[in-house]
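Plus 860 on top of the position in the sequence shown (first one is 1) and you've got my numbering.
A short write-up of the structure that comes next.
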Amino acid sequence: MLEIVKEPKHWAANDPINRYLGVLARRDGWNQECDKARYALEAELKRRGFIEFDGTPQHYGLWLVGEQLEYQVPADRQGHLAVFRGQRIKMFCTRAGHNRRWYFAGPVDQD
């Protein structure tokens, strides 16, 4: 199981990721503004070298588009996050389907 970091590193106030996450957090439905914010968030995360993968929300603990968590990845981790063994990472939920979610993950020091 992934250990959730209790005191996560915060993004700088002027970081574009904050702006995109803010749009997604304020939403009361899905509209064109949310769609643009999600695509822009994905593009920014790709630009920063985050990896993209899909999984189940029960496994990663992220259910809603725009949610983020910081994890300490165990040294013996298997699967998508094995490349981050022993590192602290940020994970973002960027898309949601019926039983699947699409995530981005990258080391904290990469942001």
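C-beta atoms are modelled at their ideal positions from N, C-alpha and C, and glycine is treated no differently.
Can you give the Cα-Cα distance for Y931 and R948, rounded to whole angstroms? Each residue's Cα considered, the two are about 6 Å apart.
Three-state secondary structure (DSSP) at E912? Three-state result, E912: strand.
Cα-Cα separation, N959 to T916: If you take the alpha carbons of N959 and T916, they lie about 6 Å apart.
T942, enclosing beta strand (DSSP E) - first and last residue: According to the sequence displayed, residue 942 carries Ala and not Thr. Neither: A942 is in no beta strand (DSSP E) and is coded neither H nor E.
Measuring alpha carbon to alpha carbon, tell me which residue in R879, D914 and G946 is nearest A900. Distances from the alpha-carbon of A900 to those of R879, D914 and G946 put R879 closest.
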